[in-house]
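Below is one structure; the comments refer to it alone.
See the structure below:
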């Protein structure tokens, strides 16, 4: 994920409607966990969550399910998890992701530099 390409996608998200945002998120399907950990692509995911709310949030959360804790404790990934909670906390996929993140060692997560 390079800075220039992600900046172009951020500009597109700024003027995109919900269907276009869903298309952009679908375009990175399979790479969302890596994107969440990337300083540039993580911002794209944050913008997509902000622009579309629950619609794209569910797709993003589904891909993060099995890596939720490692994403939540990553400097860039933690911001993506925060945006999911801010914009779609009540959605079933977000609840499942949150349950997975909190399933073990909650104290360790609370004390983690980025996981808290």
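Residue numbers (the numbering used here): 1 to 116. Beta carbons are placed, not taken as given, at the ideal position from N, Cα and C, and that holds for glycine.
Rounded to whole angstroms, residue 51 and residue 111 show a C-alpha spacing of 31 Å. Taking one beta carbon from each stretch, the region 25-38 and the region 55-63 have 3 or more pairs nearer than 8 Å; the two touch. Residue 57 is positioned such that its CB atom lies no closer than 8 Å to that of residue 95.
Note that the C-beta distance between residue 47 and residue 13 is below 8 Å. Counting along the chain, residue 29 sits inside no alpha helix (DSSP H), nor does DSSP assign it H or E at all.
Distance from the CA of residue 26 to the CA of residue 100, rounded to the nearest whole angstrom, comes to 23 Å. Closest by C-alpha distance to residue 105, out of 70, 89, 21, 49, is 70. Under the three-state reduction of DSSP, residue 102 is assigned to coil, being neither helix nor strand. Judged by their CB atoms, residue 54 and residue 107 are not nearer to each other than the 8 Å cut-off.
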